[in-house]
């Protein structure tokens, strides 16, 4: 799903960044956010709604709507659409409400 | 109606064209049908052939005596609303703006479409201008049979090979 | 807590031009932006802008961003840029609470310019929460910033400039746009944008809207239907389109929360995008030395945001006691630019909205 050829923009090859999604090893590239890396890997469902467990993905992609919240390295409610991907990150589908860090 | 589907009617299109005599030399045809705040066509023309005026919302007016069909306005128009046409024997030579990759190769055959996106004929790409001056809006020189003068507008996007 | 002379919240087109004017007048300026880099919406705008030479017409948004950033280059340590920094609170004594890398700190500012832009509206329809239903700007971000296709087949909802432009950019990214639907009986944005996508084979369907999205874990199809003159769906006109992405381009809403926290008056003006700050003609809000410009002030184009930013910067600089050469003349010329941008049919809505705001202020 990555764009390789574009009439206006350049998308040079970038170094792969390994990370874990629900235990599975995936690769993003340098410059990805967590959500964009997941999307490039075909993962559109990022979380589940609290009561009805409906699948949720991102909506606004710039940090306004919180639809993309996931659990990252143990922390919940992380807005994955604006959080830069770092090597080794453990990303999990957030189910239900998050817990305050440290609780 | 153009306000409903984005397609200019035959009469609207013909009203922007010069005469067939004038078209023996290349001429720009500007299809900017609604008033919007914009004037790069005027400011980019090296021959002062296009006038928008003090109020940048005015529709551009072209002086076909001054227009040489150079095509500079074609790749400066933010709306990609300008095309150069020239009648040469039984063909019409067009200069069209194109912002897709891959660019067609010179000498190849392409599918030419009308303003509704319908394929109407085949055309030949004679030249591709895609240098720094064009700033990523390439100028394609395409010839089609002359009978399509008022219908042909652009080429079908050449698909990526993935 | 640190003290600063002028803090510009938001490094998009309005914030950047405001900062430039302030710096030029001798002020110290701190630009705070929650993104990794400056530019706001300009970072994704690959198309050529309209307007006149003064607003860089025919230059691409991404290139205009370079010019604006270069413009900020010569002020040494009078300019402070804080990226990846979110202003999370704006207290009434002009203290800004900022969050960067999980660290919270406060800035006390003498003067603040709110240039926070706007957020995309959502559209209510069945299953509009399915992954694959994205705001149009989100799709633009995904494609033009991260180089990722949002899907393979898209339905675009909305024919304002954003819908028309993003549909074109989807085609440029190699994505198929199955159709563009518009609830009104006519195209909302510039006709040249509409003609561009029409001749590339994208059907534009007026008086049509989306009824529901279908799919289990993500969008697999969209059901559209025709609307009557009262904007109601007409049963029996439903059609299913095979798409995996539904792009919503139904308008923007100014992000005025920070201004409201600081006590700035905000009123509802539909034509300007919803709840907008009450402003004088030089972008002063109802609180002394707090200003608002760009999309947060009124939903418009980046070209007008840049001009508004300049007027605001000059005004803020003067209010701080700095001298601005030819200020009155320059502001008049800039107001004239705005007037020109708004004088034609596309500017009518904003003109009406501005009149309403003037009455309320």
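Chains as they are written, first to last, in the working numbering: chain A, 17 to 119; chain B, 528 to 689; chain C, 11 to 371. All C-beta atoms, glycine included, are put in the ideal place defined by N, C-alpha and C.
Might you give, ordered along the chain, the residues of its own chain that have their beta carbon closer than 7 Å to the beta carbon of residue i, omitting 5 neighbours on each side?
{"i": "residue 99/A", "result": "49, 50 and 88"}
{"i": "residue 270/C", "result": "276"}
{"i": "residue 417/C", "result": "Outside the modelled stretch of chain C, which goes from 11 to 371, sits residue 417/C, for which no answer is possible."}
{"i": "residue 12/A", "result": "With chain A covering 17 to 119 only, the question about residue 12/A has no answer from this structure."}
{"i": "residue 47/A", "result": "30"}
{"i": "residue 268/C", "result": "19, 97, 100, 124 and 126"}
{"i": "residue 265/C", "result": "126, 127, 128, 129 and 306"}
Who are the near neighbours of residue i in its chain, counting only those whose CB is closer than 6 Å to its CB and skipping five residues on each side?
{"i": "residue 530/B", "result": "none"}
{"i": "residue 43/C", "result": "21 and 93"}
{"i": "residue 540/B", "result": "677"}
{"i": "residue 163/C", "result": "186, 188, 253 and 254"}
{"i": "residue 137/C", "result": "222 and 223"}
{"i": "residue 544/B", "result": "556"}
{"i": "residue 12/C", "result": "117"}
{"i": "residue 615/B", "result": "none"}
{"i": "residue 646/B", "result": "638 and 640"}
Between the beta-carbon of residue i and the beta-carbon of residue j, is there less than 8 Å?
{"i": "residue 601/B", "j": "residue 611/B", "result": "yes"}
{"i": "residue 354/C", "j": "residue 563/B", "result": "yes"}
{"i": "residue 656/B", "j": "residue 21/A", "result": "no"}
{"i": "residue 295/C", "j": "residue 319/C", "result": "no"}
{"i": "residue 64/C", "j": "residue 310/C", "result": "no"}
{"i": "residue 690/B", "j": "residue 682/B", "result": "Nothing about residue 690/B can be reported from this structure: the residues present for chain B run from 528 to 689 only."}
{"i": "residue 649/B", "j": "residue 636/B", "result": "yes"}
{"i": "residue 103/A", "j": "residue 33/A", "result": "yes"}
{"i": "residue 205/C", "j": "residue 190/C", "result": "no"}
{"i": "residue 128/C", "j": "residue 153/C", "result": "no"}
{"i": "residue 312/C", "j": "residue 31/C", "result": "no"}
{"i": "residue 228/C", "j": "residue 61/A", "result": "yes"}
{"i": "residue 572/B", "j": "residue 61/C", "result": "no"}
{"i": "residue 642/B", "j": "residue 208/C", "result": "yes"}
{"i": "residue 73/A", "j": "residue 56/A", "result": "no"}
{"i": "residue 38/C", "j": "residue 16/C", "result": "yes"}
{"i": "residue 66/C", "j": "residue 606/B", "result": "no"}
{"i": "residue 33/C", "j": "residue 106/C", "result": "no"}
Over the uninterrupted beta strand (DSSP E) stretch that includes residue i, give me the two end residues.
{"i": "residue 87/A", "result": "85 to 88"}
{"i": "residue 110/C", "result": "105 to 110"}
{"i": "residue 352/C", "result": "Here residue 352/C belongs to no beta strand (DSSP E); instead the alpha helix (DSSP H) covers 337 to 352."}
{"i": "residue 14/C", "result": "12 to 19"}
{"i": "residue 666/B", "result": "665 to 672"}
{"i": "residue 610/B", "result": "609 to 615"}
{"i": "residue 30/C", "result": "Where residue 30/C is concerned, there is no enclosing beta strand (DSSP E), although the alpha helix (DSSP H) it sits in stretches over 23 to 34."}
Quick one: residues in its chain with C-beta nearer than 8 Å to the C-beta of residue i, no 5 flanking neighbours on either side, listed in chain order?
{"i": "residue 57/C", "result": "70, 71, 175, 178 and 179"}
{"i": "residue 549/B", "result": "591"}
{"i": "residue 231/C", "result": "223, 224, 225, 250, 251, 252 and 253"}
So the alpha helix (DSSP H) residue i belongs to, where does it begin and stop?
{"i": "residue 620/B", "result": "Run containing residue 620/B: none in the alpha helix (DSSP H); it sits in the beta strand (DSSP E), 618 to 625."}
{"i": "residue 319/C", "result": "312 to 329"}
{"i": "residue 359/C", "result": "358 to 370"}
{"i": "residue 116/A", "result": "Taken as a continuous stretch (DSSP letters only), residue 116/A belongs to no alpha helix (DSSP H), as it is neither H nor E."}
{"i": "residue 119/C", "result": "Note, residue 119/C: premise wrong, no alpha helix (DSSP H); beta strand (DSSP E) at 113 to 124."}
{"i": "residue 541/B", "result": "537 to 543"}
{"i": "residue 650/B", "result": "Note, residue 650/B: premise wrong, no alpha helix (DSSP H); beta strand (DSSP E) at 646 to 656."}
Taking any Cβ of chain C, which residues in the region 90 to 107 of chain A have a Cβ under 9 Å from it, in chain order? Answer set for the region 90 to 107 of chain A: 97, 98 and 100.
Note down, one range per segment and in chain order, each alpha helix (DSSP H) of at least 4 residues found wholly within the region 152 to 213 of chain C. Listed in chain order, the complete alpha helix (DSSP H) runs (minimum 4 residues) inside the region 152 to 213 of chain C are 171 to 182 and 201 to 208.
List in chain order: all unbroken beta strand (DSSP E) runs of 3+ residues lying wholly within the region 25 to 60 of chain A. Segments of the beta strand (DSSP E) lying fully in the region 25 to 60 of chain A: 32 to 37 and 40 to 45.
Would you list, in chain order, the members of the region 530 to 563 of chain B that have their beta-carbon closer than 8 Å to a beta-carbon of chain C? So the close ones are 530, 531, 532, 533, 534, 535, 558, 559, 560, 561, 562 and 563.
Which of the residues in the region 192 to 205 of chain C, read from start to end, lie with their CB under 7 Å from any CB of chain B? Going along the region 192 to 205 of chain C in chain order, one finds 195, 196, 197, 200, 201, 202, 203, 204 and 205 with a Cβ nearer than 7 Å to chain B.
Residue ranges of each alpha helix (DSSP H) run of no fewer than 4 residues wholly in the region 40 to 95 of chain C, ordered along the chain? Runs found: 71 to 81.
Can you pull out the residues from the region 618 to 643 of chain B whose beta carbon lies closer than 8 Å to at least one beta carbon of chain A? For the region 618 to 643 of chain B, which is checked against every Cβ of chain A, the residues closer than 8 Å are 626, 627, 628 and 629.
4 or more residues per run - each alpha helix (DSSP H) lying fully within the region 215 to 299 of chain C: Entirely contained in the region 215 to 299 of chain C, the alpha helix (DSSP H) runs reaching 4 residues are, in chain order, 267 to 271.
For the region 69 to 80 of chain A, which residues have a beta carbon sitting closer than 8 Å to at least one beta carbon of chain C? So the list reads 70, 71, 72, 73, 74, 75, 76, 77, 78, 79 and 80, given in the order they occur along the chain.
Residues within the region 47 to 62 of chain A neighbouring chain C, beta-carbon criterion of under 8 Å: Residues of the region 47 to 62 of chain A whose Cβ lies closer than 8 Å to any Cβ of chain C, in chain order: 47, 48, 49, 52, 55, 56, 60, 61 and 62.
Got a sec: which bits of the region 216 to 228 of chain C sit with their beta carbon under 7 Å from any beta carbon on chain A, in order along the chain? Among the residues of the region 216 to 228 of chain C, those with a Cβ less than 7 Å away from any Cβ of chain A are 227 and 228, in the order of the chain.
Which ranges does the alpha helix (DSSP H) cover as unbroken runs of at least 4 residues, wholly within the region 547 to 604 of chain B, from first to last along the chain? Taking 4 residues as the minimum length, the alpha helix (DSSP H) runs contained wholly in the region 547 to 604 of chain B are 567 to 571 and 599 to 603, in order along the chain.
Note down, in chain order, all residues in the region 654 to 672 of chain B with a beta-carbon under 7 Å from any beta-carbon belonging to chain A. Along the region 654 to 672 of chain B, the positions whose C-beta sits under 7 Å from a C-beta of chain A are 663, read in chain order.
Could you please tell me which residues of the region 283 to 301 of chain C, in chain order, have their CB closer than 7 Å to any CB of chain A? Those residues of the region 283 to 301 of chain C placed with their C-beta closer than 7 Å to a C-beta in chain A do not exist.
Give the residues from the region 140 to 161 of chain C that approach chain A closer than 9 Å (Cβ to any Cβ), ordered along the chain. Those would be 140, 141, 142, 143, 144, 145, 147, 148, 149, 150, 151, 152, 153, 154, 155, 156, 157, 158, 159, 160 and 161, in chain order.
Beta carbons nearer than 8 Å to chain C: which residues of the region 22 to 39 of chain A have them? Residues of the region 22 to 39 of chain A with a C-beta atom less than 8 Å from some C-beta of chain C are 22, 23, 24, 25 and 27, listed in chain order.
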